[in-house]
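S.K.: Would you mind keeping the following structure in view while I ask a few things?
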Amino acid sequence: MSSKKRPVSRTSSSSVTDALFPGVNLEQAEKDAVLKEGTIDKESSSLFYPWRPKFCVLTPENLTIFRWHSKKKSSQERVRNILYRMPLDDVTAIANIAKGKKHIHFTMVTKDGTLDLRVGLNNREWLTQIQMAVLARKNRRDFVKELKTRSSVVANKFKRKALRRRSFTKDLEYGDGIGITIKNEGECIVVARLFSDGPAAKKGTLKIGDEIIEVNGRDVHGYHAEKVASVIKQQTDKVILMIKSSHGKISVGTQSEYRHTICGDALKRPRPLSIVTGSAMASE
Numbered sequence: 523m524s525s526k527k528r529p530v531s532r533t534s535s536s537s538v539t540d541a542l543f544p545g546v547n548l549e550q551a552e553k554d555a556v557l558k559e560g561t562i563d564k565e566s567s568s569l570f571y572p573w574r575p576k577f578c579v580l581t582p583e584n585l586t587i588f589r590w591h592s593k594k595k596s597s598q599e600r601v602r603n604i605l606y607r608m609p610l611d612d613v614t615a616i617a618n619i620a621k622g623k624k625h626i627h628f629t630m631v632t633k634d635g636t637l638d639l640r641v642g643l644n645n646r647e648w649l650t651q652i653q654m655a656v657l658a659r660k661n662r663r664d665f666v667k668e669l670k671t672r673s674s675v676v677a678n679k680f681k682r683k684a685l686r687r688r689s690f691t692k693d694l695e696y697g698d699g700i701g702i703t704i705k706n707e708g709e710c711i712v713v714a715r716l717f718s719d720g721p722a723a724k725k726g727t728l729k730i731g732d733e734i735i736e737v738n739g740r741d742v743h744g745y746h747a748e749k750v751a752s753v754i755k756q757q758t759d760k761v762i763l764m765i766k767s768s769h770g771k772i773s774v775g776t777q778s779e780y781r782h783t784i785c786g787d788a789l790k791r792p793r794p795l796s797i798v799t800g801s802a803m804a805s806e
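Residues in the sequence shown are numbered from 523 upward in steps of one, following our numbering.
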């Protein structure tokens, strides 16, 4: 096994401390965040000493490999002492795990290269801790990615500040609806149309493209449009919608989308065609 292209850059300047950790006590910060520290053998290019022990510190963000043991060094000396600082976000796999008579060998694979390491059998916890830290970073990346998606249940739960409460009072003369057409867009419920004589249009707080998150406190993520329409119609007086605003972005519907109209008395307006250009529609 041989080390290939180094996955992280070298750090040589003493000014790195202030640049990376402005106003932070590096020693205390590292102590607070350390998951594990100790010696790991790194493969070298030497014929006589193919493996060199290196002092390493594992945090939730990085695996830092030092040139020499640095426990008693100052903050600046520790930064200059860093051989590699490998961001765990860059690790794509931990491969080639092999158990020998005295050691466990493994390879950390990043987008830039590989790093061959080994730990003693009595210190196998190192490998477990690294694997768990890499998995935690992956889960965090997936979590952040989920937050950015429109249909995210996580985003709907944790980004409450981005939601808007819209209240509509039903008009007895209009019927049991609020004058909107909704459609399924993925697992979301989106406003597709507003009727000018309905309570929603008259209030003026709802827009085409707005996503309905809740109806009177009931989470409707993943519901079929027909079921959401039924929930709205069941409300006797007020309909309170929790809305995620479209901010003027109107998406183009697909041929598999389903639309459901939530109006008043069906006699007040003509019933739309049951099938229109591949999109199923219904009127109540």
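Even glycine gets a Cβ: it sits at the ideal position worked out from N, Cα and C.
#1: Roughly how many angstroms lie between the CA atoms of Leu637 and Lys766, to the nearest whole one?
#2: In the DSSP assignment, find the alpha helix (DSSP H) that holds Pro721 and state where it starts and stops.
#3: For the alpha helix (DSSP H) that contains Ser567, what are its first and last residues?
#4: Let me know the secondary structure DSSP gives Arg686 once reduced to three states.
#5: Leaving out five residues before and five after Ala617 in sequence, what residues of the same chain have Cβ atoms less than 6 Å from its Cβ?
#6: Among Arg589, Leu580 and Arg688, which one has its Cα closest to the Cα of Lys564?
#7: Using the rule of at least 16 other Cβ atoms within 10 Å of the residue's Cβ for burial, across every protein chain shown, is Ala620 buried or exposed?
#8: If you measure between the beta carbons of Asp741 and Pro721, is that distance less than 8 Å?
#9: If you check the beta carbons only, do Ala655 and Leu610 fall under 8 Å apart?
#10: Can you tell me whether Thr632 is helix, strand or coil according to DSSP?
#11: Would you identify the three-state DSSP class for Asp638, choosing helix, strand or coil?
#12: From the DSSP output, read off the bridge partner residues of Trp475.
#13: Output the distance between the C-alpha atoms of Gly699 and Val753, rounded to the nearest integer angstrom.
#14: Could you name the residues that DSSP lists as bridge partners for Ile562?
#15: Compare the C-alpha of Val556 against each of His743, Gln651, Ile711 and Leu763 and name the closest.
#16: Taking all protein chains shown into account, do 16 or more other C-beta atoms lie within 10 angstroms of the C-beta of Ser537, making it buried, or fewer, making it exposed?
#17: Measuring CB to CB, does Ile730 end up less than 8 Å from Val713?
#18: May I ask you to report which of helix, strand or coil DSSP gives Arg646?
#19: By how many angstroms is the C-alpha of Lys624 removed from the C-alpha of Cys710?
#20: Could you pull the DSSP bridge partners for Leu728 from this structure?
#21: Check this for me: beta carbons of Ile704 and Ile734, under 8 Å apart or not?
#22: If I'm right that Leu716 touches Gly697 with Cβ under 8 Å, what's the distance once you round it to whole angstroms?
#23: Using DSSP's beta-bridge definition, name the partner residues of Asp741.
#24: Cα-Cα, which of Glu647, Arg574, Thr614 and Ser567 is closest to Glu559?
#25: Quick check on the DSSP output: the alpha helix (DSSP H) that includes Lys749 runs from which residue to which?
#26: With a threshold of 6 Å on Cβ separation, who are the neighbours of Thr727 within its own chain once the five nearest residues in sequence on each side are excluded?
M.R.: Put simply:
#1: About 46 Å.
#2: Annotation for Pro721: the continuous alpha helix (DSSP H) segment containing it runs Pro721 to Lys725.
#3: Per DSSP, Ser567 is not a residue of any alpha helix (DSSP H), being assigned neither H nor E.
#4: Arg686: strand per DSSP, three-state reduction.
#5: The residues are Thr629 and Val631.
#6: Checking every option, the nearest Cα to that of Lys564 belongs to Arg589.
#7: The residue is exposed, with fewer than 16 neighbouring Cβ atoms inside 10 Å.
#8: Contact: no.
#9: Against a cut-off of 8 Å, the Cβ pair of Leu610 and Ala655 comes out as a contact.
#10: In the three-state DSSP reduction, Thr632 falls in the strand class (E or B).
#11: It is a strand residue.
#12: Nothing about residue 475 can be read from this structure; the chain reaches only from 523 to 806.
#13: Near 10 Å, if we compare the C-alpha coordinates of Val753 and Gly699.
#14: Answer is Lys576, bridged to Ile562.
#15: From the listed residues His743, Gln651, Ile711 and Leu763, the smallest Cα separation to Val556 is found for Gln651.
#16: Unreliable positioning characterises Ser537 in this predicted model, as indicated by a pLDDT of 42, which lies under 50. The coordinate reading is nonetheless provided below. Per the 10 Å Cβ criterion, exposed.
#17: Yes. Within cutoff.
#18: Correct three-state label for Arg646: coil.
#19: Taking C-alpha positions only, Cys710 is separated from Lys624 by approximately 55 Å.
#20: Leu728 is not bridged to any residue.
#21: Their beta carbons are under 8 Å apart, which means Ile704 touches Ile734 by this criterion.
#22: Rounded, the Cβ-Cβ distance is 16 Å, inconsistent with contact.
#23: Beta-bridge pairing links Asp741 to Glu736.
#24: If we check each option's Cα against that of Glu559, Glu647 comes out closest.
#25: Secondary structure note for Lys749: its alpha helix (DSSP H) is the uninterrupted segment Ala747 to Gln756.
#26: Arg688.
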